[in-house]
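Undergrad:
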Amino acid sequence: MSTDLPELRPETLAVVRGRPVRAVDAPLNQPPVFASTYVGALAPDGELGYGRYGNPTWSAVEDAVGALEGGRALSYASGMAAVHAVLELAPPAATVVLPDACYLGVATLLAQRRTRYGGDVRLVDVSDTAAVLAACQGADVLWVESPTNPLMQVADLAAIGAGRPADCLYVLDSTFATPLGQRGLDLGADVVVHAATKFLSGHSDALQGIAVVGSDDTDRFARLDSTRRLQGAVPGPMDSYLVLRGLRTLPLRLRQASENAAVLASRLADHPAVDRVRWPGTGSLLSIDLPDASTADAMITRLQLWVHATSLGGVESTLERRRRWAGELPSVPPGLLRLSVGIEHVEDLWADLDQALSASR
Ligand SMILES: *Cc1c(COP(=O)(O)O)cnc(C)c1O
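In our numbering, the protein residues as written are 6 to 366.
1) Taking the alpha carbon of Cys173 as the reference point, which residue from Gly84, Arg234, Ala40, Leu92 has its own alpha carbon closest?
2) Around the Cβ of Val337, are there at least 16 other Cβ atoms within 10 angstroms (buried) or fewer (exposed)?
3) I need the DSSP call for Arg119, collapsed to helix, strand or coil.
4) How long is the line joining the alpha carbons of Arg258 and Ala48, rounded to whole angstroms?
5) Across which residues does DSSP place Gly214 in a beta bridge pair?
6) Check whether the stretch 269–279 touches the stretch 290–302, taking contact to mean three or more Cβ pairs, one atom from each stretch, closer than 8 Å.
7) Mapping DSSP to helix, strand and coil, what is Arg25?
8) In this structure, how does DSSP classify Ile348 when only helix, strand and coil are distinguished?
9) With the cut-off set at 8 Å, would you say Ala90 and Arg225 are in Cβ contact?
10) By the three-class DSSP mapping on this structure, what secondary structure does His313 have?
11) So, with DSSP's three-state summary, where would you put Ser292?
12) Can you look up Glu16 in the DSSP assignment and give me helix, strand or coil?
13) Is Asp210 near ligand 1, judged by its Cβ being under 7 Å from some heavy atom?
14) Could you tell me whether any non-hydrogen atom of ligand 1 is closer than 7 Å to the CB of Thr180?
15) For a quick check, are the C-beta atoms of Ala72 and Arg121 less than 8 Å apart?
16) At a threshold of 7 Å, does Phe351 count as lining ligand 1 (C-beta to nearest heavy atom)?
17) Please determine, among Asp178, Pro184, Val88, the residue with the shortest C-alpha to C-alpha distance to Pro256.
18) Per DSSP, what are the beta-bridge partners of Pro104 in this structure?
19) Sort out for me which residues DSSP pairs Thr323 with in a bridge.
20) From what residue to what residue does the beta strand (DSSP E) around Trp148 run?
21) Counting C-beta neighbours from all protein chains within 10 Å, is the total for Thr306 16 or more, i.e. buried, or is it exposed?
22) Are the CB atoms of Glu321 and Arg343 within a distance shorter than 8 Å?
23) Is there at least one non-hydrogen atom of ligand 1 closer than 7 Å to the beta-carbon of Thr202?
24) Looking only at its chain, what residues have a beta carbon closer than 6 Å to the beta carbon of His350, apart from the 5 residues adjacent to it on each side?
25) Note down, in chain order, each residue of its chain lying with its Cβ closer than 7 Å to the Cβ of Tyr108, except the 5 sequence neighbours on either side.
26) Mind checking whether the beta-carbon of Gly214 lies closer than 7 Å to any heavy atom of ligand 1?
27) Rounded to whole angstroms, what is the Cα-Cα separation between Ala194 and Arg188?
28) Could you please give me the residues that DSSP links to Arg281 through a beta bridge?
29) Closer than 7 Å to a non-hydrogen atom of ligand 1 - does that hold for the CB of Asn60?
30) For Asp50, count the other beta carbons within 10 Å of its own beta carbon; 16 or more makes it buried, fewer makes it exposed. Which is it?
31) Suppose only complete runs of 3+ residues qualify. What are the beta strand (DSSP E) ranges in the stretch 204–253, listed by chain order?
32) Looking at the secondary structure, which residues open and close the beta strand (DSSP E) in which Leu273 lies?
33) What is the DSSP secondary structure of Asp353, reduced to helix, strand or coil?
34) Do Met85 and ligand 1 come close, with the Cβ less than 7 Å from some heavy atom?
35) Can we count Val454 as close to ligand 1, meaning its CB is less than 7 Å from some heavy atom?
36) Which word fits Leu10, buried or exposed, when buried means at least 16 other C-beta atoms lie within 10 angstroms of its C-beta?
Spelled out as structure tokens, the structure:
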């Protein structure tokens, strides 16, 4: 990439990064490369070598997400595969500081590891910076999600980044905010994690996880790469292609979805059927509290446009009653619905929500 332009903005990086070298008759876009192996050299081998070690389609995604986050990215088979690889940076019996409401898969994985290997999990309210900083004294890992799933609590990432002990691995799961909402490395995190399954791909058709470390953090990069090679949770080339294709429109999708969410959040706050709206004031995710589980379930069955589905961050508006999952944390109210607002016309989205809510009163 030419360096005589001023620093490129995120909207541009999302479009221009991760492309093949510009040459006559080269494809403009990185195609999916389906290869379990590559033609070898006598010694040493080439940069790729084998399909579990590298793939040009992964590299394209990693180049683009790394540029957006201001670091070096590695992609994995899913968000949880990236989470797992990052936890492998810590000792098995690690003491981990975790938000008291966070992505259920992470909480469950840590609970399993504690049972198997020992260690401890310290739950904190991430919006309480003093409590977070106190909990990371003597801890091995500080795991932060912001905004949190599904309570939408927001952490003061800059204050946490400045105040946390240097020897406590600070990981930020930035899935909800995307690199356009916050850049965790700039705010003092050691590793940023994304479920690219969600906003980055944006079309509910691919699974992928990303871990990003600082550009000069060659040690953690090598360890994350080694975990990927040896544990084998590698992304499929087709998923990588879909993630990269989705990433091109991330800024546009996010802008429209957030605009829609702002309108819906303010109307929902005035709706007599809604007890509480949890919206961090930006982004396209929000949660609403209905009085109880049966009211929420009845509302869901009346929806025609909104789809009842887990996951989030797609162009389609979806929603989910989180406590339908047996393991969901007790801090999540039974009547809470998490809404992932898409890019449809906001009036259509509102009309559907309004009819379903009004009938549920
Ligand atoms: C979905 C999600 C994950 C896990 O991603 P998968 O691709 O489903 O494995 C991790 N963290 C957060 C915040 C998520 O929303």
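Just so you know, even glycine gets a beta-carbon here, dropped at the ideal spot from N, CA and C.
Because the structure is a prediction, the values reported are computed rather than measured.
TA: Judging by the given coordinates:
1) Numbered from its first residue, the sequence shown carries residue 173 at position 168. For the residues Gly84, Arg234, Ala40, Leu92, the minimum Cα distance to Cys173 belongs to Leu92.
2) Start at 1 with the first residue of the sequence shown, and residue 337 comes out as number 332. Answer is buried; the Cβ neighbour count reaches 16.
3) The residue given as residue 119 occupies position 114 in the sequence shown. Three-state DSSP puts Arg119 in a helix.
4) The sequence position of residue 258 within the sequence shown is 253, counting from 1. The sequence position of residue 48 within the sequence shown is 43, counting from 1. Distance between the alpha carbons of Arg258 and Ala48 is about 46 Å.
5) Against the sequence shown, residue 214 aligns to sequence position 209. Tyr81, Ala200.
6) In this structure the stretch 269–279 touches the stretch 290–302; the number of beta carbon pairs closer than 8 Å is three or more.
7) In the sequence shown, the residue the question calls residue 25 occupies position 20. The sequence shown places Pro at residue 25, rather than the Arg named in the question. The answer is coil: DSSP assigns Pro25 none of H, G, I, E or B.
8) Here residue 348 refers to the residue found at position 343 of the sequence shown. Ile348: coil per DSSP, three-state reduction.
9) Locating residue 90 in the sequence shown gives position 85, where the first residue counts as 1. Locating residue 225 in the sequence shown gives position 220, where the first residue counts as 1. Not in contact: Ala90 and Arg225 (Cβ atoms no closer than 8 Å).
10) Along the sequence shown, read from residue 1 onward, the residue named residue 313 stands at position 308. Three-state DSSP puts His313 in a strand.
11) Counting from one through the sequence shown, the residue named residue 292 turns up at place 287. Correct three-state label for Ser292: strand.
12) Taking the sequence shown and counting its residues from 1, one reaches residue 16 at position 11. Residue state, collapsed to three classes: helix.
13) Taking the sequence shown and counting its residues from 1, the one referred to as residue 210 is at position 205. Not under cutoff, so the answer is no.
14) Taking the sequence shown and counting its residues from 1, one reaches residue 180 at position 175. Indeed, a heavy atom of ligand 1 lies less than 7 Å from the Cβ.
15) Locating residue 72 in the sequence shown gives position 67, counting from the first residue. Locating residue 121 in the sequence shown gives position 116, counting from the first residue. No; because the gap between Cβ atoms is not below 8 Å, this pair is not in contact.
16) In the sequence shown, the residue the question calls residue 351 occupies position 346. Note on residue identity: the sequence assigns Val, not Phe, to residue 351. Not under cutoff, so the answer is no.
17) On the sequence shown, position 251 is the one that residue 256 refers to. It is Pro184.
18) In the sequence shown, residue 104 corresponds to position 99, counting from 1. DSSP, once it has assigned bridges, lists Val129 as partnering Pro104.
19) To locate residue 323, count along the sequence shown from 1; it is residue 318. DSSP lists Val312, Ser345 as partners of Thr323.
20) Numbered from 1 along the sequence shown, position 143 holds the residue referred to as residue 148. The continuous beta strand (DSSP E) containing Trp148 extends over residues 146–150.
21) Counted from its first residue, the sequence shown places residue 306 at position 301. Its Cβ having fewer than 16 others within 10 Å, Thr306 is exposed.
22) The count along the sequence shown starts at 1 and reaches residue 343 at position 338. The count along the sequence shown starts at 1 and reaches residue 321 at position 316. Against a cut-off of 8 Å, the Cβ pair of Glu321 and Arg343 comes out as no contact.
23) Residue 202 sits at position 197 when you count from the first residue of the sequence shown. Indeed, a heavy atom of ligand 1 lies less than 7 Å from the Cβ.
24) Position 345 of the sequence shown holds residue 350. Only residues of its own chain outside the window of five on either side were considered, and among them none has a CB closer than 6 Å to the CB of His350.
25) Within the sequence shown, numbered from 1, the residue matching residue 108 stands at position 103. Taken in chain order, the residues that qualify are Glu150, Asn154, Asp178.
26) Reading the sequence shown from its first residue, position 209 is the one you call residue 214. Yes, since a heavy atom of ligand 1 falls inside the 7 Å radius drawn around the Cβ of Gly214.
27) To locate residue 194, count along the sequence shown from 1; it is residue 189. To locate residue 188, count along the sequence shown from 1; it is residue 183. Ala194 and Arg188 have their alpha carbons spaced roughly 9 Å apart.
28) Along the sequence shown, read from residue 1 onward, the residue named residue 281 stands at position 276. Bridge partners of Arg281: Asp294.
29) Stepping through the sequence shown from its first residue, residue 60 is reached at position 55. Ligand 1 never approaches Asn60 closely enough for any of its heavy atoms to be under 7 Å from the residue's Cβ.
30) For the purposes of this step, residue 50 is taken as residue 45 along the sequence shown, with counting starting at 1. The residue in question, Asp50, is exposed, as its Cβ has fewer than 16 Cβ neighbours within 10 Å.
31) Taking 3 residues as the shortest admissible run, the stretch 204–253 contains the following complete beta strand (DSSP E) segments, listed from N- to C-terminal end: 214–218.
32) Indexing the sequence shown from 1 puts residue 273 at position 268. Element bounds for Leu273: not the beta strand (DSSP E) but the alpha helix (DSSP H), 255–274.
33) Working through the sequence shown from its first residue, we reach residue 353 at position 348. Of the three classes helix, strand and coil, the one that applies to Asp353 here is helix, per DSSP.
34) As a first step, residue 85 must be located in the sequence shown, where it is residue number 80. True, at least one ligand heavy atom lies under 7 Å from that Cβ.
35) Any answer about residue 454 is impossible in this case: the structure gives the chain only from 6 up to 366.
36) Here the question's residue 10 lines up with position 5 in the sequence shown. Only exposed fits Leu10, as fewer than 16 other CB atoms lie within 10 angstroms of its CB.
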